[in-house]
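Chemist:
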Amino acid sequence: MATKKSKKMLSAFSIILILIFGLGILSHILPDAQFELIDGVETIIDGSGTVGATLSQILMSPILGFEDAVDVAIFVMVLGGFLAIVNRTGALETGIKVLVQKLKGRELLLIPVLMFIFSIGGTTYGMLEETVGFYVLLAATMMAAGMDPIVGSAVVLLGAGSGVLGSTINPFATGAAISALPDYIQVNQGFIILIATFLWLTTLLISILFVMHYAAKVKADKGSTFLSLREQKAAEKKFGAFEGSLAKEAKLTGKQKATLLLFLLTFIVMIVGFIPWGEFNITIFDNITGWLTGSSLGNWWFYEAALWFLIMAIIIGIINGLGEAGIVDAFVDGADDMVGVVLVIAVARGASVLMGITHLDNYIIYNASNFLSKLPELGFVPLNYILHVVLSVLVPSSSGLATLSTPIIGPLAANLGYSPEVAVMTMVAANGLVNLITPTCGAIMGGLALAKVEYSTWFRWALKVVITIALINIFVLSVFSLLV
3 MATKKSKKML SAFSIILILI FGLGILSHIL PDAQFELIDG VETIIDGSGT VGATLSQILM
63 SPILGFEDAV DVAIFVMVLG GFLAIVNRTG ALETGIKVLV QKLKGRELLL IPVLMFIFSI
123 GGTTYGMLEE TVGFYVLLAA TMMAAGMDPI VGSAVVLLGA GSGVLGSTIN PFATGAAISA
183 LPDYIQVNQG FIILIATFLW LTTLLISILF VMHYAAKVKA DKGSTFLSLR EQKAAEKKFG
243 AFEGSLAKEA KLTGKQKATL LLFLLTFIVM IVGFIPWGEF NITIFDNITG WLTGSSLGNW
303 WFYEAALWFL IMAIIIGIIN GLGEAGIVDA FVDGADDMVG VVLVIAVARG ASVLMGITHL
363 DNYIIYNASN FLSKLPELGF VPLNYILHVV LSVLVPSSSG LATLSTPIIG PLAANLGYSP
423 EVAVMTMVAA NGLVNLITPT CGAIMGGLAL AKVEYSTWFR WALKVVITIA LINIFVLSVF
483 SLLV
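Position one of the sequence shown corresponds to residue 3 (this note's numbering), numbered consecutively onward.
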C-alpha cells in the first residue's frame, strides 16, 4: 500500500478533554443561573443562566463518564472476548477471503447492499452503538478487497447513521420526541414517517455515492487513501493478513462453516433483542429468552447483549475444541484489546455529564427558542436545525435531547403556526447528523478505534459528506414545512 507523510494529530482523548475544559470555561462566561423555591425545593429558573463548573467537576466528569457508560463498556469488553474466540478458530479470516474471492472484480457491490441493511436497523430502532462490533469485520473485509478501513467504517457509520437520521419508527428518537410533547399538541404520525422516509433515503443515497466514489479511487490508486502513515501501518498489522493471503484459494471447513453460522446468529438475535417489539404491539418474542437473560427479546439492552455474546463465545469455543484454557485465554486477550475503546467511550460521556452539572444545555435551548420565535418559518427551519446540531454535540443521546428540547421547541412551533411534525424531525435529523462525526459519540470513537482510524482522519474525510447531507436535510425539511 502506498504511503504518505505522517502527520501529527490529536488523539481522541485529547480532543474530548479539550472540549470538556472548554465547556467548563463557558459555564463561567455565561450569566449565573437564578433559583427559586418551589414546594420547598430550590429549582433553577429555566434559561436564566448556568452554574459555573468547579475545577473538581471538570476533572471528575470524564471519571463519571465511566459510571454513565458502564453498560456499553461491559458489552464492548465481552464483545472483544467473543471476537477473539471467533478469530482463534480462523473462520472469520477464511470466510472473508472466500467472500472477496467470489466477488472478485465486483467488491464495490458490497457497499450499497450493506449500507442499506445497516440503515434499516437505524431507522427502525436506532442501531448505532450496537454497530461497534461490525467495525473490525468490515475494516478487514474492505482491506482484503483492496480498499481501506475508512471504507469499512463509513459503510457501518454512514449506513446505520442514515437510518438514525431519518428515524421512521425509532422509539429512542422519533418516539421519544413525540412522547415528550405536551398533551395538547397532536401530531400526525403518518406525516412524521413520510418526512423521516425522505430524510432517510436521501441521506442514504448521498452517503452511498460518497463511499463508493472514495472506495473506487482507493482500489484504483492506493495512494489516494486518507490514512496517515501511522494508521496505514496499524491497519496493515491488524488486517494485513486478510489482504496478503488472497493468492491461495480459501476453503471453509465444516467447523468453520458452523462457526460463521453461529457468528451470524449471534448478531441477528442481538438485533432482534434490541428492537422494542412492544412499541409495535408485537408479542411473539415475549417468552423466548426471559429464562436465559431475565428479559424477553425486545426488552434487551447492553447487559443482556453482553450475556448473550458470552454464552455464544463459550459455545463456539467448545464446538472448535479450544478447551477451557483456550477459551479463557482467548476471551481475556480479546477483552484486553478493548480497554482503549472502553476508555474512549467513557471519556466521551464526560462531556454530557458536565453539561448536566452546569445546566449549560438548559440555558442554550431556552434562549435559542426565544430567538427562533422571532423568525419567519423559512428562517425557523434552518436555524432550528443548526441549534440542534450545536445541542447534539453537547447532548449526543437522541432520547436525552428529545426530552430536553421537544417540550420547548414543539409548543413554540405550534404557537407560531408552524408544523410540529417538521419541528420533531428537525431535532431528530440534526441529532442524527452530528452523530456521524461528533467526538462525544462513544459509538464513533469506539468503532474507529477498532478499525484503526484516527478520529481526526475520519473528521477530515467525512466533513464534506456531512455538510452535503445537512444542506439536503434543510431543503427537505423546508419543503415539508411549506406543505402544511
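Glycine included, C-beta positions come from ideal geometry on N, C-alpha and C.
By the DSSP assignment, the beta strand (DSSP E) with residue 37 in it spans what residues?
Modeler: As a working mapping, residue 37 is identified with position 35 in the sequence shown. Residue 37 -> beta strand (DSSP E) spans 37-40.
Chemist: Please classify residue 1: is it buried, with 16 or more other beta-carbons within 10 angstroms of its beta-carbon, or exposed?
Modeler: There is no way to answer for residue 1, as the model of the chain reaches only from 3 to 486.
Chemist: Can you tell me the Cα-Cα spacing of residue 449 and residue 80, whole angstroms?
Modeler: In the sequence shown, the residue the question calls residue 449 occupies position 447. In the sequence shown, the residue the question calls residue 80 occupies position 78. Distance between the alpha carbons of residue 449 and residue 80 is about 15 Å.
Chemist: Tell me the DSSP secondary structure of residue 338 in three-state form.
Modeler: Mapped onto the sequence shown, residue 338 falls at position 336. Note: residue 338 maps to helix in three-state DSSP.
Chemist: Which residues mark the beginning and the end of the alpha helix (DSSP H) in which residue 199 is found?
Modeler: As a position in the sequence shown, residue 199 is number 197, starting the count at 1. Element bounds for residue 199: 191-222.
Chemist: Starting from the C-beta of residue 483, find all residues in its chain whose C-beta is less than 6 Å away, skip the five residues before and the five after it, and write them out in chain order.
Modeler: As a position in the sequence shown, residue 483 is number 481, starting the count at 1. Contacts found: 379, 383, 421, 424.
Chemist: Measuring alpha carbon to alpha carbon, tell me which of 349, 436, 405 ends up nearest residue 388.
Modeler: Within the sequence shown, residue 388 is the residue found at index 386, counting from 1. Selected option, being the one with the closest Cα: 436.
Chemist: Report the three-state DSSP secondary structure of residue 43 (helix, strand or coil).
Modeler: Position 41 of the sequence shown, counted from the start, is the residue given in the question as residue 43. Here residue 43 sits in strand by DSSP.
Chemist: I'd like the list of long-range same chain contacts for residue 17, defined as Cβ closer than 7 Å, with 5 residues on each side in sequence excluded.
Modeler: In the sequence shown, counting from the first residue as 1, residue 17 sits at position 15. Once the five neighbours on either side are set aside, the close Cβ partners of residue 17 are 441, 457.
Chemist: Going by DSSP in three states, residue 185 sits in which element: helix, strand or coil?
Modeler: Within the sequence shown, residue 185 is the residue found at index 183, counting from 1. If DSSP states are grouped into helix, strand and coil, residue 185 belongs with coil.
Chemist: What residue from 217, 52, 271 has the CA that sits closest to residue 29's CA?
Modeler: Translated into the one-based positions of the sequence shown, residue 29 becomes position 27. For the residues 217, 52, 271, the minimum Cα distance to residue 29 belongs to 52.
Chemist: Counting Cβ pairs, one atom from each stretch, are 3 or more of them under 8 Å apart for the region 388-408 and the region 171-186?
Modeler: The answer is yes - the region 171-186 touches the region 388-408, with three or more Cβ pairs under 8 Å.
Chemist: What does DSSP give as the partner residues of residue 52 in its beta bridges?
Modeler: Taking the sequence shown and counting its residues from 1, the one referred to as residue 52 is at position 50. Paired residue(s): 34.
Chemist: Does the Cβ-Cβ distance between residue 219 and residue 454 come in under 7 Å?
Modeler: Indexing the sequence shown from 1 puts residue 219 at position 217. Indexing the sequence shown from 1 puts residue 454 at position 452. In this structure, residue 454 does not lie closer than 7 Å to residue 219 by Cβ.
Chemist: Which same chain residues, not among the five before or five after residue 201, have their C-beta less than 7 Å away from its C-beta?
Modeler: One-based indexing of the sequence shown puts residue 201 at position 199. Correct list, in chain order: 167, 168, 427, 431, 475, 478.
Chemist: Can you give me the Cβ contacts of residue 394 inside the same chain, cut-off strictly under 8 Å, excluding the 5 residues immediately before and after it?
Modeler: Position 392 of the sequence shown holds residue 394. The residues are 403, 432, 433, 435, 436, 437, 440.
Chemist: Please go through the same chain and pick out, in chain order, the residues whose beta-carbon is closer than 8 Å to the beta-carbon of residue 254, but skip the five residues on each side of it.
Modeler: For the purposes of this step, residue 254 is identified with residue 252 of the sequence shown, where counting begins at 1. Counting only Cβ-Cβ distances below 8 Å, and skipping sequence neighbours, we find 93, 96, 97, 100, 262.
Chemist: DSSP state of residue 240, grouped into three classes?
Modeler: By 1-based counting over the sequence shown, the position of residue 240 is 238. It is helical.
Chemist: So, helix, strand or coil for residue 78, using DSSP?
Modeler: Position 76 of the sequence shown, counting from 1, holds the residue named residue 78. Helix.
Chemist: On the three-state DSSP scale, how would you describe residue 407?
Modeler: In the sequence shown, counting from the first residue as 1, residue 407 sits at position 405. In this structure, residue 407 counts as helix in the three-state DSSP scheme.
Chemist: What is the residue span of the alpha helix (DSSP H) that residue 162 lies within?
Modeler: Your numbering for residue 162 matches position 160 in the sequence shown. Segment 151-167, the alpha helix (DSSP H) holding residue 162.
Chemist: Could you check if residue 151 is buried or exposed, using at least 16 other CB atoms within 10 Å of its CB as the buried criterion?
Modeler: To locate residue 151, count along the sequence shown from 1; it is residue 149. Result: buried.
Chemist: Going straight from the alpha carbon of residue 148 to that of residue 214, what length do you get?
Modeler: Position 146 of the sequence shown, counting from 1, holds the residue named residue 148. Position 212 of the sequence shown, counting from 1, holds the residue named residue 214. The straight-line gap from Cα to Cα measures roughly 13 Å.
Chemist: Alpha carbon to alpha carbon, what distance is there between residue 328 and residue 356?
Modeler: Counting from 1 along the sequence shown, the entry for residue 356 is found at position 354. Counting from 1 along the sequence shown, the entry for residue 328 is found at position 326. One C-alpha to the other measures close to 43 Å.
Chemist: State the start and end residues of the unbroken alpha helix (DSSP H) segment that holds residue 462.
Modeler: The residue labelled residue 462 in the question sits at position 460 within the sequence shown. Where residue 462 is concerned, the enclosing alpha helix (DSSP H) stretches over 457-485.
Chemist: Report all residues from its chain with a CB closer than 6 Å to the CB of residue 486; omit the five preceding and five following residues, and keep chain order.
Modeler: Against the sequence shown, residue 486 aligns to sequence position 484. These residues qualify, in order along the chain: 421.
Chemist: Grouping DSSP H, G and I as helix and E and B as strand, with all else coil, what is residue 268?
Modeler: The residue labelled residue 268 in the question sits at position 266 within the sequence shown. Here residue 268 sits in helix by DSSP.
Chemist: Within 10 angstroms of the Cβ of residue 22, are there 16 or more other Cβ atoms? Answer buried if so, exposed if not.
Modeler: Residue 22 sits at position 20 when you count from the first residue of the sequence shown. Buried is the call here.
Chemist: Relative to the C-alpha of residue 319, which residue among 117, 209, 429, 91 is closest?
Modeler: Residue 319 sits at position 317 when you count from the first residue of the sequence shown. Among 117, 209, 429, 91, the Cα nearest to that of residue 319 is on 91.
Chemist: Which stretch, first to last residue, makes up the alpha helix (DSSP H) that contains residue 428?
Modeler: If you number the sequence shown from 1, residue 428 lands on position 426. Its alpha helix (DSSP H) spans residues 422-436.
Chemist: Excluding the 5 residues flanking residue 217 on each side, which residues of the same chain have their C-beta closer than 7 Å to its C-beta?
Modeler: On the sequence shown, residue 217 is found 215 positions in, with the first residue counted as 1. Here the set comprises 110, 113, 149, 153.
Chemist: Using a Cβ-Cβ cutoff of less than 7 Å, which residues in the same chain neighbour residue 73 once the five nearest sequence positions on both sides are dropped?
Modeler: Within the sequence shown, the letter at position 71 stands for residue 73. Closer than 7 Å at the Cβ level, and outside the excluded window around residue 73, lie 303, 304, 305.
Chemist: Between residue 34 and residue 368, which are expected to be in contact by the criterion C-beta below 8 Å, what is the C-beta distance as a whole number of angstroms?
Modeler: To locate residue 34, count along the sequence shown from 1; it is residue 32. To locate residue 368, count along the sequence shown from 1; it is residue 366. Their Cβ separation, rounded to whole angstroms, is 15 Å, which puts residue 34 and residue 368 out of contact at 8 Å.
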